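Right, one structure below, let's go through it.
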Amino acid sequence: DVVFSQVAFCHAHDNLNEILEEVLRVLKPGGLLVVNDYLGGDAPPSPEALEHVYKRLHFTQLHGHRAWRRAVDAAGALGEDGEFEMLRYENLDVHMERFYVDLAAGAYRSGL
Numbered sequence: 001d002v003v004f005s006q007v008a009f010c011h012a013h014d015n016l017n018e019i020l021e022e023v024l025r026v027l028k029p030g031g032l033l034v035v036n037d038y039l040g041g042d043a044p045p046s047p048e049a050l051e052h053v054y055k056r057l058h059f060t061q062l063h064g065h066r067a068w069r070r071a072v073d074a075a076g077a078l079g080e081d082g083e084f085e086m087l088r089y090e091n092l093d094v095h096m097e098r099f100y101v102d103l104a105a106g107a108y109r110s111g112l
């Protein structure tokens with residue numbers, strides 16, 4: 001049993017606890033939840049991030065790494081038949097930053 005989310009939960013971080021509780025409910029024991037998601041910083045977003053990221057992608061809330069992990073822990077603790085066990089957590093912030101710097105440079109060179 002696998003539940004896979006590819007950059008989807010980030011559009012509902014304000015409902016993340018409920019989403020994780022539902023995933024835990026429907027997964028069979030030993031099932032896997034695989035998530036690739038955008039995360040914000042642990043500090044409040046800058047005005048630039050609100051204007052250029054949140055507005056464009058329709059984010060209302062974007063958890064940082066610590067808040068996301070707390071949500072996973074909280075949902076697992078509420079599960080009746082089991083809990084989440086974090087098998088792997090990989091922070092790709094440096095990779096994503098490099099991607100967006102390169103993307104912005106290419107757009108600038110193209111006159112965009």
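Under the UniProt record's numbering, the first residue of the sequence shown carries the number 1, and numbering increases by one thereafter. Note that the Cβ used here is the ideal one computed from N, Cα and C, for glycine as well. Owing to the predicted nature of the structure, the values given are computational and were not obtained by experimental measurement.
In whole angstroms, what separates the C-alpha of Lys55 from that of Cys10?
-> For Lys55 and Cys10, the distance between alpha carbons rounds to 13 Å.
Pick helix, strand or coil for Phe4, following the three-state DSSP scheme.
-> strand
Name the residue from His13, Gly111, Val72 whose alpha carbon lies nearest to the alpha carbon of Thr60.
-> Nearest option by C-alpha distance: His13.
Would you kindly work out how many angstroms separate the C-alpha atoms of Leu92 and Leu50, rounded to a whole number?
-> 21 Å
Is the beta carbon of Trp68 less than 7 Å from the beta carbon of Leu39?
-> Going by C-beta atoms, Trp68 is nearer than 7 Å to Leu39.
Just grab the DSSP bridge partners of Leu33 for me.
-> Val3
From this set, Met96, Glu97, Glu83, which residue's C-alpha is nearest Gly31's C-alpha?
-> Of the candidates Met96, Glu97, Glu83, the one whose C-alpha sits nearest the C-alpha of Gly31 is Glu83.
Contact under 7 Å by Cβ, Leu27 with Asp1 | Yes, these two residues count as a Cβ contact at 7 Å.
Taking DSSP as the reference, what is the three-state secondary structure of Arg88?
-> coil
Please state if the CB of Ala71 and the CB of Leu33 are separated by a distance shorter than 7 Å.
-> no
Keeping to the same chain, check which residues put their C-beta closer than 8 Å to that of Asn45; ignore five residues upstream and five downstream.
-> Correcting the residue type first, residue 45 is Pro in the shown sequence and not Asn. Closer than 8 Å at the Cβ level, and outside the excluded window around Pro45, lie Val53, Tyr54, Leu62.
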